[in-house]
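Reminder that position 303 of the sequence shown reads as 315 in the working numbering, one-by-one numbering, no gaps. By construction, the Cβ of each residue, glycine as well, lies at the ideal position given by its N, Cα and C atoms. Please read the structure below before turning to the comments.
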Amino acid sequence: MVFLYSCGYNLFLLTPSIYLLQIYDRVLSSRSVDTLLMLTMIIAIAVLVGSTLDIVRRAALSRIGSWLDHRLRPMVLTASFEYAARADTGAASECYRDLAALRQFLDSPASSLLFDVPWAPVFLLLLFLVHPLLGTIGLLCAVALLLFALATELATRAPLAHANLALSRSYLRFATALKNIEVIRAMGMQDGAALIVYRDAEMARRAQDIAMHRTEIILGFSKSIRTLAQILMMGSATWLVLVNSGSPGIIFVASLLLGRGLAPIEGAIGAWRSFMFARNAFNRLNRMLITIASECDARMVPLPEPNGLVLDNVSYFKPFADRPILTDITLRLAPGDCIALIGPSGSGKSTLGRIMAGVVPATSGYALLGGVDISALRLCGGTCHVGYLPQDIELFGGAIKDVIGRLDGGDPGKAIDAAKLVGLHDAIMRLPQGYETDIGEGGNLLLRAQRQQLGLARAAYGNPSLIVLDDPNSSLDYDGERMLFTAIERMRSRGMTVVIITHRMGILPVTNKIAIMRNGTVAAFGDSERIYETYLQPPARTGS
């Protein structure tokens, strides 16, 4: 539809040229006022119709931008979270900004130029129909402007790429500074942090200024060529009239047709920066969506294991690390099993837990839940099967029922069931608004222990097949630990597989399996009693 609107709009742009021809060829020769009035009315109506088509076209492009935003935003957000989970927060924020940049471009006048540029040859062809000399002049001028457009592309590509990179780095460092504002203020690091953010922003500004300066220089030359071509066109048309090769009307008609033919090209040069940003944003979004879709398709492979959690030779490498964090981890857990991952700091416990929860994919090997790669469940909408309680609990603001319900707006009964499962229901009902109580942005109105209990209820929401708990009793008192142990026993009775990452031995009685990790490998794995007696039980004291 936008193409059809553009066709109508550009056809109606011919009306001033037709009007001038009729004025010189009919009205002046006949000296008819009625003909003049009729022509003027017809042309006025045509101009109004053309303007209406342009308005409708811009509105259609804006609606396309809204539709694109509506369709892509969930996928882009999912991809942003995926990149953030891989510790690539720069790419995570960049792809979200790219969608906004693409939407902004479709809302801008520059987007309509894409549909006007193909009409430039039509106006130049009409110049050839008026006279070959005039068409040749128009063609040479158009070629010159196209060369200027190519020069703009070559001159601005590198600085715009540097500007985009520096700007992304500036946004990332600013977000990091805000996240660590307490440390920055406590140790007087405000000036240093501000300098780092400013340095990247200044690099982006300088690169943008270079691109803008080069564009302005090329645009200035192109305007000079355009003006000279206009003068040459009118002079040539006048010469044709003097040698009786055309009527006086062709002087103004040729000038108008040249202007219409060159305007889209000249406008494209002026809007080149917008084109480049939109094109780069589109290419990045396209690559990102293809990558995420291919990963999802590649991992959704049914495997023969019918139930439980299976880790098959799982290894994990961080980019540029000198050694792997995890090496050839192999474990098998049945529904209802509860395993404790223990070991010294840096042994890979939390990383293994993140792989089990599907936060990050294994570099090699498989982490399977019910025969399906856990990362595929996360990428393709199967996260209801997994619950996760990280060390650093992040609760989005809102009502308690929404926080427990994973923000899905689902059945409140499931949130109540999860709260009862972890022993939090009675405490919630004592609040003035019960499950409708707002916990504040990020849960800042809650104590750390309360945040941990809410996080545990969120992990248990919907009775997932697998629950991964990373240091779940770190902020709990004695009563809180008793509630946690009871909740874990209830989870096991419902057939959930529970993984506990801990360095506290007091939680071991609720487990039936223990895995001891050292240097990224499983040093020992088996039934809790056997592992405890063999590796963890302190030696008996002997009397002197």
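With DSSP as the reference, please indicate the residues paired to residue i in a beta bridge.
{"i": "Lys525", "result": "Ile351 and Asp539"}
{"i": "Ile341", "result": "Val326"}
{"i": "Tyr400", "result": "Val480"}
{"i": "Arg38", "result": "According to DSSP, which records beta bridges pairwise, Arg38 is partnered with nothing at all."}
{"i": "Ala411", "result": "Asp450"}
{"i": "Asp385", "result": "Leu380"}
{"i": "Val534", "result": "Met529"}
{"i": "Leu49", "result": "Answer is none; Leu49 lacks a bridge partner."}
{"i": "Leu321", "result": "Leu345 and Leu381"}
For residue i, report the span of its beta strand (DSSP E) as first-last.
{"i": "Val511", "result": "Thr509 to Ile513"}
{"i": "Ala379", "result": "Ser376 to Leu381"}
Would you decide whether residue i is buried or exposed? Buried here means 16 or more other CB atoms lie within 10 Å of its CB.
{"i": "Lys191", "result": "exposed"}
{"i": "Ala430", "result": "buried"}
{"i": "Ala333", "result": "exposed"}
{"i": "Met300", "result": "buried"}
{"i": "Ala198", "result": "exposed"}
{"i": "Leu65", "result": "buried"}
{"i": "Arg115", "result": "buried"}
{"i": "Tyr473", "result": "buried"}
{"i": "Gln445", "result": "exposed"}
{"i": "Ala56", "result": "exposed"}
{"i": "Ser234", "result": "buried"}
{"i": "Ala212", "result": "Note that residue 212 is Asp in the sequence shown here, rather than Ala. Buried."}
{"i": "Gly435", "result": "buried"}
{"i": "Arg408", "result": "Correcting the residue type first, residue 408 is Phe in the shown sequence and not Arg. The residue is exposed, with fewer than 16 neighbouring Cβ atoms inside 10 Å."}
{"i": "Asn325", "result": "exposed"}
{"i": "Val557", "result": "Absent from the model: residue 557. The displayed extent of the chain is 13 to 556, so no value can be given."}
{"i": "Glu278", "result": "buried"}
{"i": "Pro521", "result": "exposed"}
{"i": "Leu179", "result": "buried"}
{"i": "Ile302", "result": "exposed"}
{"i": "Ala617", "result": "Given that the chain is displayed from residue 13 to residue 556, the structure contains no residue 617 and the question cannot be resolved."}
{"i": "Gly547", "result": "In the sequence as presented, Gly is not what sits at residue 547; that position holds Tyr. Exposed."}
{"i": "Trp131", "result": "buried"}
{"i": "Met50", "result": "exposed"}
{"i": "Ala595", "result": "The requested residue 595 is not part of the displayed model; the chain covers only 13 to 556."}
{"i": "Gln202", "result": "exposed"}
{"i": "Pro318", "result": "Reliability fails at Pro318, whose pLDDT of 45 lies under 50, so the model's placement of it is uncertain and the value that follows must be treated cautiously. Answer is exposed; the Cβ neighbour count stays below 16."}
{"i": "Met441", "result": "exposed"}
{"i": "Thr52", "result": "exposed"}
Which same chain residues end up closer than 8 Å to residue i when comparing Cβ atoms and leaving out the 5 residues on each side of it in sequence?
{"i": "Gln242", "result": "Ser267, Leu270 and Gly271"}
{"i": "Asp309", "result": "At Asp309, the pLDDT of 49 sits below 50, so the modelled position is not reliable and the matter cannot be decided from this model."}
{"i": "Gly343", "result": "The amino acid occupying residue 343 in the given sequence is Leu; Gly does not appear at that position. Only Leu321, Val322, Leu323, Ile351, Ala527, Val534 and Phe537 meet the Cβ criterion."}
{"i": "Pro314", "result": "Model confidence at Pro314 stands at a pLDDT of 45, short of 50, so the residue's coordinates are unreliable; what they give is reported in the following sentence. Answer for Pro314: Gly383 and Val384, listed in chain order."}
{"i": "Ser78", "result": "Arg115"}
{"i": "Ser359", "result": "Met529, Arg530, Asn531 and Gly532"}
{"i": "Ala499", "result": "Leu433, Val434, Gly435, Leu468 and Ala472"}
{"i": "Leu84", "result": "Leu111, Leu297 and Leu301"}
{"i": "Leu141", "result": "Gly147"}
So the alpha helix (DSSP H) residue i belongs to, where does it begin and stop?
{"i": "Val253", "result": "Gln202 to Leu254"}
{"i": "Arg169", "result": "Pro144 to Lys191"}
{"i": "Ile440", "result": "His437 to Met441"}
{"i": "Ile428", "result": "Pro424 to Leu433"}
{"i": "Arg504", "result": "Tyr490 to Ser505"}
{"i": "Asp128", "result": "Ala122 to Asp128"}
{"i": "Gln464", "result": "Arg460 to Ala472"}
{"i": "Gly365", "result": "Lys361 to Met368"}
Once the 5 residues before and after residue i are set aside, which same chain residues still bring their CB inside 7 Å of it?
{"i": "Ser74", "result": "Leu118 and Asp119"}
{"i": "Thr449", "result": "Ala411, Ile412 and Leu443"}
{"i": "Ala163", "result": "Ile230"}
Quick check: is the beta carbon of residue i nearer than 8 Å to any beta carbon in chain D?
{"i": "Ala346", "result": "The chain inventory of the structure shown lacks chain D, comprising one protein chain alone."}
With a CB to CB cut of under 6 Å and the five nearest residues on each side skipped, what residues in its chain are close to residue i?
{"i": "Gly467", "result": "Leu401 and Ile405"}
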